[in-house]
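Residue numbers are given in the UniProt record's numbering: position 33 of the sequence shown equals residue 33, and the series is strictly consecutive.
Note that CB positions come from ideal geometry on N, CA and C, so glycine has one too.
Remarks on the structure that follows.
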Amino acid sequence: MEANVYFFAALVSTGIFLLQFILSIFFGSMDTDIDVNADGNADIDMSSVLSFKGLIHFCMGFGWFMYLCQPPYIVLHYLGAVISGSFFVFVLAWIYKLCYKLKQENKPEQGEELIGRKCEIYTRCQEQEQAGTNYVVYIAINGAQRELTVRSIQGKSYREGDILTLKDYKEGIYYID
Numbered sequence: 001m002e003a004n005v006y007f008f009a010a011l012v013s014t015g016i017f018l019l020q021f022i023l024s025i026f027f028g029s030m031d032t033d034i035d036v037n038a039d040g041n042a043d044i045d046m047s048s049v050l051s052f053k054g055l056i057h058f059c060m061g062f063g064w065f066m067y068l069c070q071p072p073y074i075v076l077h078y079l080g081a082v083i084s085g086s087f088f089v090f091v092l093a094w095i096y097k098l099c100y101k102l103k104q105e106n107k108p109e110q111g112e113e114l115i116g117r118k119c120e121i122y123t124r125c126q127e128q129e130q131a132g133t134n135y136v137v138y139i140a141i142n143g144a145q146r147e148l149t150v151r152s153i154q155g156k157s158y159r160e161g162d163i164l165t166l167k168d169y170k171e172g173i174y175y176i177d
């Protein structure tokens, strides 16, 4: 009889978890919840772990552990179930922490912040605006590969695939050499 209670608790909590999971995957963009973080410090706190989701995770771990144990139950079974449920809550907190890292905002890098970065020559530009040779290069900006137009300071000629360093930035133009 007692095993049925644990089975029911585990089954209901797992069902709620699966329902939340499916709804968040297929209807996650239709979020109507408003979260305001006035201080800008995205951090995990106890209220997000000790929430409905935390309770569901604890019940899943506790319920399935107790269901898999055979009666008569002893203190070690209950201790193992509490540890199992706590482990599920710990995994939830760890996933929250990883998700908060994904919310990190990138500040745009531009201008003189890119001086000294390595870039790879992609192609030579056809039009010549002023003295010097213009190239399109690949460069890592904010963790992503971007194309950037640069100019050779001394009019030197480079081949595609050459790795160079940005040397200067004047009046909206990047220079290599």
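Where the beta strand (DSSP E) through residue i begins and ends
i, result
"Gln145", "144–152"
"Glu120", "118–124"
"Tyr138", "134–141"
"Tyr6", "Tyr6 -> not in any beta strand (DSSP E); alpha helix (DSSP H) instead, spanning 2–27."
"Tyr174", "173–176"
Sequence-distant residues of the same chain with beta carbon closer than 7 Å to residue i, five excluded per side
i, result
"Ser157", "Thr133"
"Cys125", "Asn134, Tyr135, Val136, Thr149"
"Ile163", "Lys118, Glu120"
Pairwise C-alpha distance: residue j and residue i
i, j, result
"Gln110", "Val89", "42 Å"
"Ala3", "Ser86", "20 Å"
"Ala38", "Ile153", "In this predicted model, Ala38 has a pLDDT of only 47, less than 50, meaning its place in the structure is not dependable; the value taken from the coordinates is given anyway. Rounded to the nearest angstrom, the two C-alpha atoms are 47 Å apart."
"Ser51", "Cys59", "12 Å"
"Gly80", "Phe65", "7 Å"
"Thr14", "Ile56", "8 Å"
"Phe21", "Phe27", "10 Å"
"Ile176", "Leu18", "55 Å"
"Met1", "Leu102", "45 Å"
"Glu171", "Tyr100", "38 Å"
"Pro71", "His77", "9 Å"
"Ala93", "Ile83", "15 Å"
"Pro108", "Ile25", "30 Å"
"Tyr73", "Leu11", "20 Å"
"Val75", "Leu23", "37 Å"
"Val91", "Gly61", "11 Å"
Element boundaries [alpha helix (DSSP H), containing residue i]
i, result
"Lys167", "Note, Lys167: premise wrong, no alpha helix (DSSP H); beta strand (DSSP E) at 163–170."
"Ile74", "No alpha helix (DSSP H) contains Ile74, which DSSP labels as neither H nor E."
Whole-angstrom C-beta distance between residue j and residue i, which should lie under 8 Å
i, j, result
"Ala9", "Gly63", "4 Å"
"Leu166", "Arg117", "5 Å"
"Gln141", "Cys119", "Gln is not the amino acid found at residue 141; the sequence shown has Ile there. Not confirmed; about 10 Å, so no contact."
"Ile121", "Gly155", "About 15 Å separates the two Cβ atoms, so there is no contact after all."
"Arg151", "Ile173", "6 Å"
Contact set for residue i: own chain, Cβ-Cβ below 6 Å, skip 5 residues either direction
i, result
"Glu112", "Tyr169"
"Phe7", "Tyr67"
Chain-order list of residues whose beta-carbon lies under 8 Å from that of residue i (same chain, five-residue window excluded)
i, result
"Gln145", "Tyr138, Ile139"
"Ile16", "Ile56"
"Thr123", "Tyr135, Val136, Glu160"
Distance cut-off 7 Å: residue i Cβ against heavy atoms of the ligand ADP
i, result
"Met60", "In the structure on display, the ligand ADP does not appear, and there are no ligands present to speak of."
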